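Under our numbering, read the sequence shown as residues 287 to 580, first letter to last. Working notes, structure below.
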Amino acid sequence: MVFRSGFVTIWGQPNVGKSTFLNHVLERKVAIVSSKPQTTRQVIKGILNLSDAQIVFLDTPGLHSPRDEFSRWMVREAERALVGVDVLLYMIAPHNREEEDKKYLDNLRSFSNPVFLVLNKKDLLKEEEVQKILSRFSHLFPFQGKAAVSSLTGEGIPELLSEIVELLPPGSPYYDVDVISDALERDIAAEIIREKIWWYAYQEVPYGVEVRVEEFKDRGEILYIKALIYVERDSHKKIIIGKEGKMLKKIGEEARKEIEFNWGKKVYLDLWVKVEKNWRKRPEVLGRWGYKFK
Ligand SMILES: Nc1nc2c(ncn2[C@@H]2O[C@H](COP(=O)(O)OP(=O)(O)OP(=O)(O)O)[C@@H](O)[C@H]2O)c(=O)[nH]1
Ligand SMILES: [Mg+2]
């Protein structure tokens with residue numbers, strides 16, 4: 287038996303279900319998910335170990351036309367995730383803006399490795415609609431293969447994984463088998479907090495939220511986490527805190543429960559809300575937070 291290993295990037299427009307797909311494949315939540323576009327901001331590696339292969343998936347920020355310094359960084363981050371990868375999964379979902387996909391696929395013409403078309407959210411479609419979409423997209427790009435999956439039910443995913451393995455080069459694993467993601471624990475905690483904000487805050491507020499974990503200390507019985515929630519405006523700070531602090535309490539409770547579940551111990555979550563005016567447009571703030579153009 288030949289052991290295969292390689293890097294597989296999941297690419298596509300926002301909200302098609304890239305992060306949900308990764309979580310389903312790994313049977314663990316490594317990437318946060320929401321119904322709003324542009325949830326994922328940084329590349330997240332998720333490692334799947336099979337009996338005959340190791341697949342290192344890269345979940346990426348959704349492709350979009352940048353409006354500010356920060357979204358330019360996000361799109362650049364997605365583009366960087368094409369370098370040195372063995373297979374690209376181009377993910378679409380029903381009701382994708384096809385014109386946009388056409389543009390991104392045109393840019394992929396110079397990508398020399400296999401590109402696989404993955405239609406996600408097949409649970410929302412009838413079989414004939416699935417076939418119609420797949421055949422329409424076949425004309426847009428010379429895909430190596432096509433698959434329709436549901437990252438909610440798992441339908442179609444085992445078959446897709448087998449096809450991906452076939453495309454990987456023979457080689458030994460890149461990571462130890464007990465590593466699931468390369469993300470740091472404190473960054474995962476920050477993302478979990480941000481996810482709850484994305485779920486509960488509305489309109490523009492979540493887009494202007496950044497969470498930084500300042501302290502992450504294992505105090506034996508308890509894991510102490512101090513996190514700062516940055517917002518862009520005073521009015522957004524009021525929304526995040528909510529009437530009599532109710533919103534912040536809810537965010538804190540939900541995040542704490544999930545962090546406790548992940549680490550299997552009690553967590554004290556200390557949340558603070560701060561205003562960092564228009565941070566998405568300010569390179570010096572972005573640089574300080576590690577969003578640097580490399
Ligand atoms: N019905 C259905 N919904 C799905 C499926 N996969 C994902 N979703 C939903 O689609 C929404 C977006 O999912 P995400 O995984 O955050 O999408 P994404 O592509 O990572 O989005 P960005 O990070 O913004 O680029 C969420 O509400 C998911 O629950 C699926 O297979 N079926
Ligand atoms: Mg995502």
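We treat Cβ as the ideally placed atom computed from N, Cα and C, and that holds for glycine. As the structure is a prediction and not an experimental result, all values here were calculated from the model.
Near ligand 1: residue i beta-carbon under 7 Å from a heavy atom
i      : result
ASN393 : no
GLN324 : yes
GLY332 : no
ASN406 : yes
ASP338 : no
SER321 : yes
SER436 : yes
GLY298 : yes
GLY442 : no
ASP387 : no
ASP504 : no
GLY348 : yes
ASP468 : no
LEU420 : no
ASP462 : no
ASN301 : yes
LEU368 : no
LEU410 : yes
Beta-carbon gap between residue i and residue j smaller than 8 Å
i      : j      : result
ALA434 : LEU420 : yes
ILE537 : LYS482 : yes
GLU518 : LYS563 : yes
ARG383 : GLN489 : no
VAL559 : ILE515 : yes
PHE397 : VAL373 : no
GLY431 : GLU445 : no
LEU470 : PHE427 : no
LEU349 : GLY332 : no
GLN340 : TYR460 : yes
TRP297 : LEU375 : yes
PHE343 : VAL311 : yes
LEU454 : SER291 : yes
VAL361 : PHE293 : no
ARG472 : VAL495 : no
VAL553 : ILE479 : no
VAL319 : THR325 : yes
GLU363 : PRO347 : yes
TRP484 : LYS304 : no
SER467 : ILE330 : yes
LYS408 : GLU386 : no
ARG566 : ASP354 : yes
Ligand 2 heavy atom lying under 7 Å from the CB of residue i
i      : result
ASP372 : no
SER424 : no
LYS304 : yes
ASP473 : no
ALA317 : yes
ASP345 : yes
Residues bridged to residue i (per DSSP)
i      : result
PRO456 : ARG290
TRP297 : TYR376
GLY503 : Before going further, note that residue 503 is Lys rather than Gly in the sequence given. Answer is TYR510.
ARG498 : LEU514
VAL491 : Paired residues: none, contrary to the question.
LEU312 : LEU312 is not bridged to any residue.
LEU405 : ILE378, ALA434
Any chain D beta carbon closer than 8 Å to residue i
i      : result
PRO455 : In the structure shown, chain D cannot be found, because there is only a single protein chain.
Near ligand 3: residue i beta-carbon under 7 Å from a heavy atom
i      : result
ASN382 : Inclusion of ligand 3 in the displayed structure is not the case, the ligand content consisting of ligand 1 and ligand 2 alone.
Legend entry - Every unbroken beta strand (DSSP E) inside the segment 319 to 358 [3 residues or more]: 330 to 335, 339 to 345
Legend entry - Whole runs of the alpha helix (DSSP H) within the segment 511 to 565, excluding any shorter than 4 residues: 520 to 527, 532 to 549
Inset, instruction - Any chance you could list the alpha helix (DSSP H) runs of at least 4 consecutive residues sitting entirely within the segment 410 to 482, in chain order? - result: 413 to 424, 443 to 453
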